[in-house]
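Trainee:
Residue numbers (the working numbering), protein chains in the order written: chain A, 39 to 391; chain B, 39 to 391; chain C, 39 to 391; chain D, 39 to 391.
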């Protein structure tokens, strides 16, 4: 495979399909119910238009930014996704190596195939830790403590999983992951034995979580707390009230409530609701450089990709992830030059038609 | 057939097509003229978006409700459809058994393949009786009296059949049902001999009905009267005026006036017109759990399904109908958890984007 | 061919394609440039929705109306189209026989294959005469005089042919009609020898016509003058000013200016402009009964069909045209019953969503 | 090839594809990233509707206009495109001969396959010179001086190429043009050796250009300065401020910033911003006569075509380009007659629905 001959991240999807177990591929690929939201996440971007400005005297542009305290070279991070060994034996460590090469922030999942410490070892860029609460809270406390010690810069609490969505495609492609894919961060008790990945998540994660968890977390750690899965102005306001340090606008890649809006379509209302008090990021549907500019114009400080890097990982390990980031970086630089902005801070709502 | 391997009610359509006489299938499947309204009933739902709320502290949800006096476990009832033996020898009795298992309300049709008493015998859940006026009013009076004695909880008068619609597909797939499919509730006179189902309905039902029928019915029975087929605010107001106890917003599954709006698209205006004085239900296009949530958000107390359960019945009898209800229940529970509502009463217009 | 097994007028299109010379078919079928307006005429109707009213006490409905002084049983007339022998040897006479059977008004074209007197002989229903000005005005004067004598009830002046449109499909299917198809109403001079139908029309019709023609016509005849081809409020106002007795909203079946709006989409502005002072009709895209109801709701007193009856004529002569009218009549009656109107006058804007 | 049997300029695309090297074809054909803007340029025209006026007394129409000082017979010019020998050995000279025949203005590119003097020699119509700044400004100064001496009537500065767009299709069809295709206007230095056309442009053109270039140009030449690539009201205002003599609304044929709006969709805002002080033209998506009328109605004094004439050139040299212009002229004349305008100045916003 000549990675240099790949010029769009979409191309990795078919390579990954060929490389992966069909059940594992379906698990990553699929969304909830009819996958309306899954498709909308991508399609919605095609309804936005960018207004290019000319003769701006640009020779080069700066794609750098900060996410909370982390300095990044790209406003494109790697969203948390489970069990990377399903895609490639090098799993999250390969992702970490690629992310580091491009100065991109990686969010490592609670249900990772490598321990959070192993990933930290492989990483040279900033890391955040994604948290699913465990039915056994002592496990959660342990994870948070270890994340802090391993140098993770924030806790990203996933708030949109009251239960795993109704994932038709996963049900139709029933898949029991082999034990060696993990999760690695803790021992899975007998009571949480799983047959599918969603069942594992359901069994381990427990339920009944409310806003009080945010307060509980705040007591437990001094790390910034990022809430992932906010889709409404109302919940953004509640997040502010409960002391969240940042938000990720996300519908969980279309995997939770089908018929949720595309995340890009609600970004504006969330940004407006937080009134600049905390940072807002977005995931869902990012596939090319101009997507990043649209999200930025609507107020997202950064975006995160999920499936695109998983496909890169499945196709070619760390090199595949690196090529995904390389393409997006090149497209972003090109887009900034042709939009007429020297830095991300120059991108505003006036750049949207 | 492993019903457990079916995860979306749409899948039953092809199974039914394979199991049924093509003419009978076309009769159930088809709509009026170009079937624009038939398709719109389903497509319209895809234009609505649900706004998921997070961290609502939910462990479980309650899908129960009341429809007039009936307690139901699901806000998804079984709409009246004719001559169930066209789908399966067990007909309406099989539907009744499945409905009872899920605590769903069944509306039994005037033109049923089993007598209303036979269905009542098979049922364990609540039953309502759908009424087509007979040209011979003594037959109608007899039916209403028998329905009351058999424990039916309401009379559902179909008001949108001034004449059967122009059903192109039915005409192209001319089908004469065998005598044993019924109708069973009364003897069909010589003058109403039918060659197609629509002709039967046209011949038996008579015409010229006006709002005075509602008053005539009110005199005749103490059962609540539900009007099925209201599509405008104006007729909703007239229904109130004439003492209807509840309404079903319906375009008769796209079988009457083609180019009628999707029923979900007019639900709002009907709900607004009744100002909460009576209950409003909806049929037309319900295929998955999130459809129910959209209808509920727009003010429908419950929804009814038609073709989906007929396909289940044709494919696998009572078990097929049960699986249809099981899928919808599972999707509804999942949708409520991920929308962030503990009960149906919590679903509001604010849940729609 | 069992005409009784045809249930939608669209079906005649393929029958006509099989029956006709490909060049003649292309001449009838085609529109201007990319045929955007041709397709829009039909597609636009699919964006309108009818609001059905119920319990209106209807047993039957009245589809009758008057167009100027003519009493018609159907509000669906036959638009003027050229050289019917291209479709069938019985040409305009066959159309006249079918129209008479259904009480429909026929507009006979200047460029007809039978003389206007021959058509009048065959007709039992009302006739109007469509006029293209001839470069030789004495021919035009003669035609008007003969039309009056033959009992035609109005002159329908086509106003939208400054020159025949850029008809790509016609150019690609070059077709020289045989001499026997006509035109029959007058002798075609050497100077107007044609190779294609559009060239014939261009050569004979001349150019440079302005509103003064309407005044010239008014002097020449006491017959009502109907202007066919009005697409704007501005021209409707001018038509009033110049004493037109009625208008036909039409884009010439999409054959003149491509990217004109669908005629149904501008009907409203024309109706509003004439303020009820004269009658307004519509052609373009009528294919089924509910189309007629939509046009009526927007203010058209009647509609005219073109290609549908040509396809019927090509497929089966007078019987084919009759079946087209029969289908539309049946659909219209059905539509009126299910819309809840007893007569065409009851159809209003409130019937549109 | 019988050019007279071609009736739509789109048809030349497939002829050109067959005639050209696939890599060269891909270079011309392709757009940026996902080619959304490339497709939108064409698709956007299909959303506009023209309002035809009737009985305007037209016998003929005048398609003539002036562009700055140049008199043209057509408001359809030939946009600058690079290296015409990629399409045909006669290159820009063939284009000049065809343009002259139809009185159309040609803009010759800096990166032409023939020298600007050779093209001027072949031309009989008006010429403008498109300018890319050279990293070596003395080359630019020389080009401008030579253009003035050779009779070019204006300098058209391309302002929307901060860097060549991310051209996925070009990358996938890597193509190294043979040395004989040029560019011919100057010697390409060792430092600018290219492997693809975009690389050539990138290497030669340099970067960092700002509005001060316009002032520098103004000092250098008395020729009018036209800015090509303005897409916003803001940049139109800056262009006025910096003394531009005319603007071309253009997104570079969808080759620079993907997700830019269709050029026709922003024409209105640019026209409004310049308040009639300077002329505004448009390129992007012009494929037929009615496109020209839409652009004119929105305020464009003239339009330019790119790919259409390249396809004509590739298919049949000067004769192919001539046929493209002939078709557009015929469609334009036909469109004006059927829109009801005698001259281009009569086309106004009121002609749009």
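Heads up, the beta-carbon is just placed ideally off N, CA and C, and yes, glycines get one too. These numbers were taken from a predicted model, which means no experiment stands behind them.
1. Can you name the residues that DSSP bridges to residue 266 of chain A?
2. In this structure, does DSSP put residue 74 of chain D in helix, strand or coil?
3. By the criterion of Cβ-Cβ separation under 7 Å, what are the contact partners of residue 84 of chain A in chain B?
4. Would you mind giving the Cβ-Cβ distance between residue 184 of chain D and residue 155 of chain D, rounded to the nearest angstrom? I have them listed as a contact below 8 Å.
5. From which residue to which residue does the beta strand (DSSP E) around residue 319 of chain B run?
6. Would residue 249 of chain C pass as an interface residue toward chain D - the criterion being a Cβ-Cβ separation below 8 Å?
7. Considering residue 362 of chain C, what are the terminal residues of the beta strand (DSSP E) in which it resides?
8. May I ask you to report which of helix, strand or coil DSSP gives residue 240 of chain B?
9. Run the CB neighbour count on residue 269 of chain D, radius 10 Å, all protein chains shown included, and call it buried at 16 or more, exposed below.
10. Give the secondary structure of residue 104 of chain A by DSSP, where H, G and I count as helix, E and B as strand, and everything else as coil.
11. Measure the C-alpha to C-alpha separation of residue 150 of chain B and residue 41 of chain C and round it to an integer number of angstroms.
12. Please determine if the region 113 to 120 of chain A and the region 172 to 180 of chain A are in contact, where contact requires at least 3 C-beta pairs separated by less than 8 Å.
13. Excluding five sequence neighbours on each side, which residues of the same chain lie with their C-beta closer than 6 Å to the C-beta of residue 198 of chain A?
14. Quick one: any contact between the region 79 to 90 of chain C and the region 299 to 318 of chain C, if contact means 3 or more CB pairs under 8 Å?
15. Does the separation of the CB atoms of residue 316 of chain B and residue 284 of chain B fall below 8 Å?
16. What are the partner residues of residue 115 of chain D, as DSSP defines its beta bridges?
17. Does DSSP put residue 312 of chain D in a helix, in a strand, or in coil?
18. Verify whether the separation of the beta carbon atoms of residue 223 of chain D and residue 153 of chain D is less than 8 Å.
19. Classify residue 135 of chain C as helix, strand or coil using the three-state DSSP reduction.
20. To be precise: take each residue of the region 192 to 225 of chain A, compare its Cβ to all Cβ atoms of chain B, and keep it if any distance is under 7 Å. Which residues remain?
21. Take the Cβ of residue 171 of chain D as the centre, count every other Cβ of all protein chains shown within 10 Å, and call the residue buried at 16 or more, exposed below.
22. Tell whether a beta-carbon distance below 8 Å holds between residue 237 of chain B and residue 65 of chain B.
23. Could you tell me the distance, in whole angstroms, from the CA atom of residue 363 of chain A to the CA atom of residue 355 of chain A?
24. Can you pull the chain A neighbours of residue 267 of chain D, defined as C-beta to C-beta under 7 Å?
25. Between residue 175 of chain D and chain A, is any beta-carbon pair separated by less than 8 Å?
26. Measuring straight from C-alpha to C-alpha, what distance separates residue 387 of chain C and residue 379 of chain C?
27. How about residue 203 of chain A and residue 241 of chain B: are their beta carbons less than 8 Å apart?
28. Cβ closer than 9 Å: which chain A residues qualify as neighbours of residue 72 of chain D?
29. Among D/97, D/131, D/307, D/89, which residue has its Cα nearest to the Cα of residue 360 of chain D?
30. For my contact list, residue 146 of chain A and residue 168 of chain A are in at a C-beta cut-off of 8 Å; report their separation, rounded to the angstrom.
31. Determine, using beta-carbon pairs with one atom in the region 105 to 115 of chain D and one in the region 333 to 340 of chain D, whether at least three such pairs fall under 8 Å.
32. Below 6 Å CB to CB, which residues in the same chain sit around residue 336 of chain A once its five sequence neighbours on both sides are set aside?
33. My guess is that residue 63 of chain C and residue 350 of chain C are in contact by the Cβ rule of under 8 Å, so how many angstroms apart are they, rounded?
34. Going along the chain, which residues of its own chain have a beta-carbon closer than 6 Å to the beta-carbon of residue 61 of chain D, five neighbours each way excluded?
35. Which residues of chain D have a Cβ atom closer than 7 Å to the Cβ of residue 375 of chain A, listed in chain order?
36. In three-state terms, what does DSSP make of residue 249 of chain B?
Mentor: Walking through what the data contain:
1. A/196, A/286
2. helix
3. Simply none; closest approach about 17 Å.
4. 7 Å
5. Segment 317 to 321, the beta strand (DSSP E) holding residue 319 of chain B.
6. yes
7. No beta strand (DSSP E) contains residue 362 of chain C, which is instead part of the alpha helix (DSSP H) from 345 to 377.
8. helix
9. buried
10. strand
11. 34 Å
12. no
13. 267, 290, 294
14. yes
15. Residue 316 of chain B places its beta carbon less than 8 Å from that of residue 284 of chain B.
16. D/342
17. helix
18. Yes, the pair counts as a contact, with Cβ atoms nearer than the cut-off.
19. helix
20. 197, 198, 200, 201, 203, 204, 206, 209, 210
21. By the neighbour-count rule (16 or more Cβ atoms within 10 Å), residue 171 of chain D is buried.
22. Not closer than 8 Å, so no.
23. Residue 355 of chain A has its alpha-carbon roughly 13 Å from the corresponding atom of residue 363 of chain A.
24. Residues of chain A whose Cβ lies closer than 7 Å to the Cβ of residue 267 of chain D are, in chain order, 92.
25. no
26. Those two C-alpha atoms are separated by around 13 Å.
27. no
28. 46, 48, 84, 325, 326, 328
29. D/131
30. Going by Cβ atoms, the distance from residue 146 of chain A to residue 168 of chain A rounds to 6 Å, so yes, they are a contact pair.
31. Taking a contact to require three or more Cβ pairs closer than 8 Å, the region 105 to 115 of chain D and the region 333 to 340 of chain D qualify as touching.
32. The residues 305, 306, in chain order, have a CB closer than 6 Å to that of residue 336 of chain A in the same chain once the five nearest residues on each side in sequence are set aside.
33. Wrong, their Cβ atoms sit about 14 Å apart, outside the cutoff.
34. Closer than 6 Å at Cβ, skipping near neighbours: 211, 213.
35. 200, 201
36. coil
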